[in-house]
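When the letters of the sequence shown are read in order and numbered with the working numbering, they come out as residues 8 to 388. Just so it is clear, CB atoms sit at the ideal spot from N, CA and C, and this is done for glycine as well. Only a predicted model underlies this, so the values are computations on that prediction, with no experimental measurement involved. Step one of this worksheet: look at the structure below.
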Amino acid sequence: MAGFNRPKPVALDPAKLAALVAEASEQKIGGSFQKSTDPDFPYWNHEPAKPCLVYVPRIMAIDSENNAVLDIDKPLIHSINFNGQYSKIRCTRGLNLTDGEGKHYADDHGNALFDGSCPICDNVSAGFELAKLHVEAECKAVGLNPEDKDNDQVKAIRKKHYGSRALGQPDVKLTIPLVVFETTEDDKGRAQLVVNDNKPIYKIFWYAISQRQYEKTWEVALDNSESGAENIGGNVFGVQFGKKDAATGALPNARDAVKDLSVSIRDAITGKLRGAGILDEIDADVKEKGWTKSKAAEVLAENVFVSVPEIASSISTITADIAMKTQMMSVAPGSGGSTSLDALTGGGGAAAASAAPLGALPAGATDVDEPASGGLLGSAV
């Protein structure tokens with residue numbers, strides 16, 4: 008069976024070794040993932056339970072239907088979860104990059120960089136098939152009907168396997184530049200602007216949110232606008248991620264805080280700052296500093312474009328693992344698919360496995376844990 012090959016230490020001269028030892032003295036366990044690669048264009052790492060005042064710059068564009076819309080990046084993002092490694096990659100389905108003669112730009116090996124395909128989309132259905140086999144095997148082992156979707160035990164089994172697929176369907180992620188004002192809290196815990204020379208102090212950050220969460224929070228706040236605002240662009244909002252525990256005052260963890268997002272539109276503050284010309288100045292500042300959707304696609308880890316060949320290469324181990332486990336589950340459903348890939352391939356690991364033919368998603372599937380009949384991208388914008 009293939010084992011772990013101990014890596015060789017890097018050879019460093021005394022000065023470099025001393026510098027690295029000094030760096031290591033400040034090393035900490037964990038730490039937040041750097042979502043932006045450019046310190047001049049940072050991502051907003053908001054504090055849990057802190058009331059904030061933010062402004063969405065009014066950077067508009069005209070869409071295909073001649074409507075004025077907020078000019079933001081709206082990437083389709085795949086989630087990848089394999090053997091404890093979690094990542095996100097931008098979907099390439101429908102993206103073509105060609106020269107003036109219609110030829111696809113290619114890498115050094117002659118493979119098209121972007122030809123409209125997406126290796127992750129092409130393999131999502133295989134992951135669903137493997138999850139289905141797991142569900143059938145586990146339900147059979149305890150005498151349950153896997154199609155009895157009203158049974159709580161069956162629901163739990165389905166959620167476990169469909170929810171732990173290695174390759175996820177893409178979700179729309181809205182990405183905008185966000186102006187975060189410096190604030191203090193009054194005696195009622197409400198955020199109050201900090202001003203200097205009668206102007207609020209602020210910083211600009213990137214902010215991203217899934218379309219589904221946006222519709223439940225920001226869009227609802229917009230609907231409550233007393234001024235009739237039709238777009239989040241050009242408006243000030245109160246934002247808070249989670250609440251302190253009422254009994255202990257403890258802060259929520261980061262994951263729970265993100266899910267417990269509350270957003271309220273602040274028409275009065277918007278009107279006051281707009282009347283003083285301050286919001287127009289902020290809009291100009293954001294534009295001048297280059298906070299565009301092209302910049303988001305350049306510096307944000309989730310928004311960058313990865314070529315089709317590079318994606319295919321990066322997920323090859325995953326697709327081989329799915330194919331091998333599906334083959335074994337199909338032959339012996341009662342096995343539960345617990346045999347390791349190394350054992351199945353005689354120690355060759357993923358390199359010894361060959362990908363199984365990929366079929367279309369099940370037609371007419373309607374479960375939230377199964378693909379929608381509308382296709383891999385569903386009704387995503």
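- Contact holds between the stretch 257-272 and the stretch 49-56, because three or more Cβ pairs, one in each stretch, are under 8 Å apart.
- Between Cys128 and His85, the gap from beta carbon to beta carbon is short of 9 Å.
- The beta carbons of Asp328 and Phe89 sit closer together than 9 Å.
- Ranked by how close their Cα comes to the Cα of Asn203, the residues Tyr214, Thr190, Ala215, Arg197 have Thr190 in first place.
- Under the Cβ criterion (8 Å, minimum of three pairs), the stretch 208-224 does not count as touching the stretch 107-119.
- For secondary structure counted as the beta strand (DSSP E) over 3 or more consecutive residues, the stretch 250-335 holds these complete runs in sequence order: 268-272.
- Distance between Thr105 and Leu151, taken at the CA atoms: about 53 Å.
- Residue burial is scored here from C-beta neighbours: Asp80 has at least 16 other C-beta atoms within 10 angstroms and is therefore classed as buried.
- Pairing Ala133 with Gly107, the inter-Cα distance amounts to about 36 Å.
- Taking C-beta atoms under 8 Å as the contact rule, Arg97 and Val313 qualify, at a distance of about 6 Å.
- The continuous stretches of beta strand (DSSP E) do not include Trp225, which lies in the alpha helix (DSSP H) extending over residues 225-230.
- Around the CB of Lys156, fewer than 16 other CB atoms lie within 10 Å, so the residue is classed as exposed.
- For Phe48, no alpha helix (DSSP H) run applies, since DSSP gives it neither H nor E.
- Residue burial is scored here from C-beta neighbours: Leu19 has fewer than 16 other C-beta atoms within 10 angstroms and is therefore classed as exposed.
- Straight-line measurement puts the Cα of Asn130 at about 42 Å from the Cα of Pro58.
- Rounded to whole angstroms, the Cβ separation of Tyr93 and Phe188 is 32 Å, and the two are not in contact under 8 Å.
- If you check the CB distance, Val142 and His111 do not come in under 9 Å.
- Across the structure, Val227 and Arg273 are spaced so that their CA atoms are roughly 13 Å apart.
- Looking only at Lys279, Pro21, Ile183, Ala308, the smallest Cα-Cα distance to Ile239 is reached by Ile183.
- By the C-beta criterion, the stretch 194-202 is judged not to be in contact with the stretch 229-238, since fewer than 3 inter-stretch pairs fall below 8 Å.
- The continuous beta strand (DSSP E) containing Lys180 extends over residues 178-188.
- When the beta-carbon positions are compared, Ala319 and Val311 stay at least 9 Å from each other.
- Here Tyr62 carries a strand assignment [DSSP, helix/strand/coil].
- Proximity to Cys125 across Leu137, Asp78, Ala138, Gly175 peaks at Gly175, based on C-alpha coordinates.
- As the crow flies, the alpha-carbon of Asn74 is around 30 Å from that of Pro49.
- In the DSSP assignment, Tyr169 falls within the unbroken alpha helix (DSSP H) covering 159-169.
- For Val28, there are no CB contacts under 7 Å within the same chain when 5 residues up- and downstream are skipped.
- Check the Cα spacing between Asp47 and each of Lys302, Ala198, Ser32: the tightest is with Lys302.
- Of the residues Trp298, Leu24, Gln41, Asp114, the one whose Cα lies closest to the Cα of Glu317 is Asp114.
- Here Leu280 is not near Val246, since their CB atoms are 9 Å or more apart.
- Exposure of Thr44 is indicated by the presence of fewer than 16 other C-beta atoms within 10 angstroms of its C-beta.
- As a beta-bridge residue in DSSP terms, Gln199 pairs with Thr191.
- Between Lys95 and Leu307 the beta-carbon gap is near 10 Å, outside 8 Å, which marks them as no contact.
- Distance check between Glu222 and each of Lys139, Asp78, Ser269 places Ser269 closest, using alpha-carbon atoms only.
- Burial check for Gly256: the Cβ neighbour count within 10 Å stays below 16, so the residue is exposed.
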